[in-house]
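What follows is one structure encoded as C-alpha coordinates, with my remarks underneath.
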Amino acid sequence: RWSSTFTMLEQYVRIRDEIKRVDAVYDLVPKPAAHRRIVALTETLKTINSVCKKLQEDTLSIGAVRVRFDKMAEMFPITSSLLSPDANIIHSSVFESAVVKVIMAIPPTSNRCERLVSQCKLVMTLQRSSLLPINFEMIEFLRTNRKYWDAHTLMGIDVADADD
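So the mapping is simple: the working numbering equals the position in the sequence shown, first residue as 1, plus 86.
Written out as C-alpha coordinates, the structure reads:
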(Lines of atoms letter the chains of each structure in order from A and count residues from 1; the text may use other names and numbers.)
(Lines give C-alpha, C1' and ligand atoms only; values in the text may rest on other atoms or scores of the structure.)
Protein backbone atom coordinates (compact mmCIF):
# COMPACT_ATOMS: atom_id res chain seq x y z
CA ARG A 1 0.00 0.00 0.00
CA TRP A 2 1.03 3.56 -0.64
CA SER A 3 -0.07 4.89 2.74
CA SER A 4 3.13 3.98 4.62
CA THR A 5 5.32 5.54 1.92
CA PHE A 6 3.11 8.61 1.89
CA THR A 7 3.23 8.93 5.68
CA MET A 8 7.02 8.60 5.72
CA LEU A 9 7.53 11.23 2.99
CA GLU A 10 4.96 13.58 4.51
CA GLN A 11 6.76 13.36 7.85
CA TYR A 12 10.12 14.04 6.15
CA VAL A 13 8.73 17.15 4.40
CA ARG A 14 7.27 18.38 7.69
CA ILE A 15 10.50 17.99 9.73
CA ARG A 16 13.15 18.66 7.05
CA ASP A 17 14.26 21.99 8.50
CA GLU A 18 14.75 20.46 11.94
CA ILE A 19 16.67 17.51 10.46
CA LYS A 20 19.15 19.89 8.81
CA ARG A 21 20.09 21.23 12.26
CA VAL A 22 21.25 17.79 13.48
CA ASP A 23 24.95 17.43 12.66
CA ALA A 24 24.92 13.62 12.83
CA VAL A 25 22.48 13.31 9.91
CA TYR A 26 23.15 16.53 7.97
CA ASP A 27 25.00 14.66 5.20
CA LEU A 28 22.01 12.32 4.76
CA VAL A 29 19.50 15.12 4.10
CA PRO A 30 18.49 15.15 0.41
CA LYS A 31 19.83 18.04 -1.67
CA PRO A 32 17.38 20.80 -2.79
CA ALA A 33 16.68 19.21 -6.20
CA ALA A 34 15.89 15.85 -4.60
CA HIS A 35 13.81 17.63 -1.95
CA ARG A 36 11.68 19.30 -4.65
CA ARG A 37 11.06 15.89 -6.25
CA ILE A 38 10.09 14.46 -2.86
CA VAL A 39 7.63 17.32 -2.27
CA ALA A 40 6.10 16.76 -5.73
CA LEU A 41 5.87 13.01 -5.07
CA THR A 42 4.23 13.69 -1.70
CA GLU A 43 1.54 15.79 -3.40
CA THR A 44 0.90 12.99 -5.92
CA LEU A 45 0.78 10.38 -3.17
CA LYS A 46 -1.66 12.57 -1.22
CA THR A 47 -4.20 12.03 -4.00
CA ILE A 48 -3.47 8.31 -4.25
CA ASN A 49 -3.65 7.94 -0.46
CA SER A 50 -7.05 9.62 -0.30
CA VAL A 51 -8.36 7.19 -2.94
CA CYS A 52 -6.87 4.23 -1.03
CA LYS A 53 -8.65 5.35 2.14
CA LYS A 54 -11.93 5.76 0.26
CA LEU A 55 -11.58 2.23 -1.14
CA GLN A 56 -11.44 0.87 2.42
CA GLU A 57 -14.87 2.25 3.38
CA ASP A 58 -17.54 -0.33 4.17
CA THR A 59 -20.28 1.53 2.32
CA LEU A 60 -18.45 1.79 -1.01
CA SER A 61 -20.19 0.03 -3.89
CA ILE A 62 -18.45 -1.71 -6.77
CA GLY A 63 -19.75 0.99 -9.11
CA ALA A 64 -18.13 3.67 -6.94
CA VAL A 65 -14.85 1.72 -7.01
CA ARG A 66 -15.01 1.62 -10.82
CA VAL A 67 -15.59 5.40 -10.91
CA ARG A 68 -12.57 5.98 -8.64
CA PHE A 69 -10.41 3.66 -10.75
CA ASP A 70 -11.44 5.50 -13.92
CA LYS A 71 -10.64 8.85 -12.28
CA MET A 72 -7.23 7.55 -11.16
CA ALA A 73 -6.51 6.33 -14.70
CA GLU A 74 -7.48 9.77 -16.00
CA MET A 75 -5.29 11.61 -13.47
CA PHE A 76 -2.37 9.18 -13.70
CA PRO A 77 -2.36 7.58 -17.18
CA ILE A 78 0.35 5.11 -16.19
CA THR A 79 -2.19 3.37 -13.92
CA SER A 80 -4.73 2.79 -16.68
CA SER A 81 -3.16 -0.51 -17.69
CA LEU A 82 -3.47 -1.75 -14.07
CA LEU A 83 -6.93 -0.40 -13.20
CA SER A 84 -8.90 -1.16 -16.36
CA PRO A 85 -11.49 -3.97 -16.32
CA ASP A 86 -9.35 -5.95 -18.78
CA ALA A 87 -5.98 -5.20 -17.15
CA ASN A 88 -3.02 -7.50 -17.76
CA ILE A 89 -2.77 -8.30 -14.04
CA ILE A 90 -6.16 -10.06 -14.11
CA HIS A 91 -5.41 -13.75 -14.42
CA SER A 92 -8.97 -14.92 -15.06
CA SER A 93 -11.53 -12.38 -16.20
CA VAL A 94 -14.24 -15.06 -16.11
CA PHE A 95 -13.46 -15.69 -12.43
CA GLU A 96 -13.51 -11.95 -11.63
CA SER A 97 -16.85 -11.53 -13.39
CA ALA A 98 -18.26 -14.47 -11.43
CA VAL A 99 -17.01 -13.00 -8.14
CA VAL A 100 -18.68 -9.68 -8.93
CA LYS A 101 -21.97 -11.45 -9.70
CA VAL A 102 -21.80 -13.35 -6.41
CA ILE A 103 -20.92 -10.23 -4.41
CA MET A 104 -23.75 -8.27 -5.99
CA ALA A 105 -26.24 -11.04 -5.17
CA ILE A 106 -25.31 -11.44 -1.50
CA PRO A 107 -26.74 -8.72 0.71
CA PRO A 108 -24.09 -7.34 3.08
CA THR A 109 -24.37 -8.32 6.72
CA SER A 110 -23.94 -5.42 9.03
CA ASN A 111 -21.97 -5.79 12.24
CA ARG A 112 -24.63 -3.68 13.94
CA CYS A 113 -27.30 -6.20 12.97
CA GLU A 114 -25.20 -9.07 14.26
CA ARG A 115 -24.63 -7.24 17.55
CA LEU A 116 -28.35 -6.52 17.87
CA VAL A 117 -29.23 -10.19 17.38
CA SER A 118 -26.63 -11.16 19.99
CA GLN A 119 -28.09 -8.63 22.44
CA CYS A 120 -31.58 -9.97 21.80
CA LYS A 121 -30.40 -13.46 22.69
CA LEU A 122 -29.05 -12.14 26.00
CA VAL A 123 -32.28 -10.28 26.82
CA MET A 124 -34.69 -13.06 25.86
CA THR A 125 -34.20 -15.22 28.94
CA LEU A 126 -36.64 -17.83 30.24
CA GLN A 127 -38.22 -15.24 32.55
CA ARG A 128 -38.83 -12.87 29.64
CA SER A 129 -40.00 -15.46 27.14
CA SER A 130 -43.63 -14.68 27.98
CA LEU A 131 -43.23 -11.01 26.98
CA LEU A 132 -45.45 -9.76 24.23
CA PRO A 133 -43.44 -9.12 21.04
CA ILE A 134 -44.22 -5.39 21.17
CA ASN A 135 -42.83 -5.15 24.71
CA PHE A 136 -39.70 -7.08 23.75
CA GLU A 137 -39.20 -4.80 20.73
CA MET A 138 -39.58 -1.74 22.99
CA ILE A 139 -36.96 -3.07 25.43
CA GLU A 140 -34.53 -3.72 22.58
CA PHE A 141 -35.27 -0.36 20.97
CA LEU A 142 -34.54 1.45 24.24
CA ARG A 143 -31.36 -0.60 24.86
CA THR A 144 -30.07 0.01 21.33
CA ASN A 145 -30.80 3.74 21.45
CA ARG A 146 -29.66 4.23 25.06
CA LYS A 147 -27.41 7.15 24.09
CA TYR A 148 -30.47 9.21 23.10
CA TRP A 149 -32.30 9.03 26.44
CA ASP A 150 -31.71 8.96 30.19
CA ALA A 151 -33.72 8.89 33.44
CA HIS A 152 -34.72 12.57 33.07
CA THR A 153 -36.25 11.83 29.66
CA LEU A 154 -38.30 8.98 31.12
CA MET A 155 -39.42 11.14 34.05
CA GLY A 156 -40.52 13.83 31.57
CA ILE A 157 -42.62 11.27 29.70
CA ASP A 158 -44.18 10.03 32.94
CA VAL A 159 -45.07 13.60 33.96
CA ALA A 160 -46.53 14.33 30.50
CA ASP A 161 -48.69 11.16 30.73
CA ALA A 162 -49.93 12.15 34.20
CA ASP A 163 -51.04 15.58 32.89
CA ASP A 164 -53.32 13.99 30.25
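Note that the Cβ used here is the ideal one computed from N, Cα and C, for glycine as well.
On a predicted model such as this, the values are computed, not experimentally measured, just so you know.
I134 has its alpha-carbon roughly 34 Å from the corresponding atom of R201. In this chain, the alpha helix (DSSP H) harbouring D103 covers S89 to K106.
Taking a 10 Å sphere around the C-beta of F155, we find 16 or more other C-beta atoms and assign the residue as buried.
If you draw a 10 Å sphere on the C-beta of T145, you find fewer than 16 other C-beta atoms in it, and that means exposed. In its chain, beyond the 5 residues on either side, L168 have a beta carbon closer than 8 Å to the beta carbon of I175. CA-to-CA, the gap between V99 and V209 works out to about 54 Å. Bounds of the alpha helix (DSSP H) holding R152 are I148 to M161. Between the alpha carbons of S170 and G242 lies a distance of about 59 Å.
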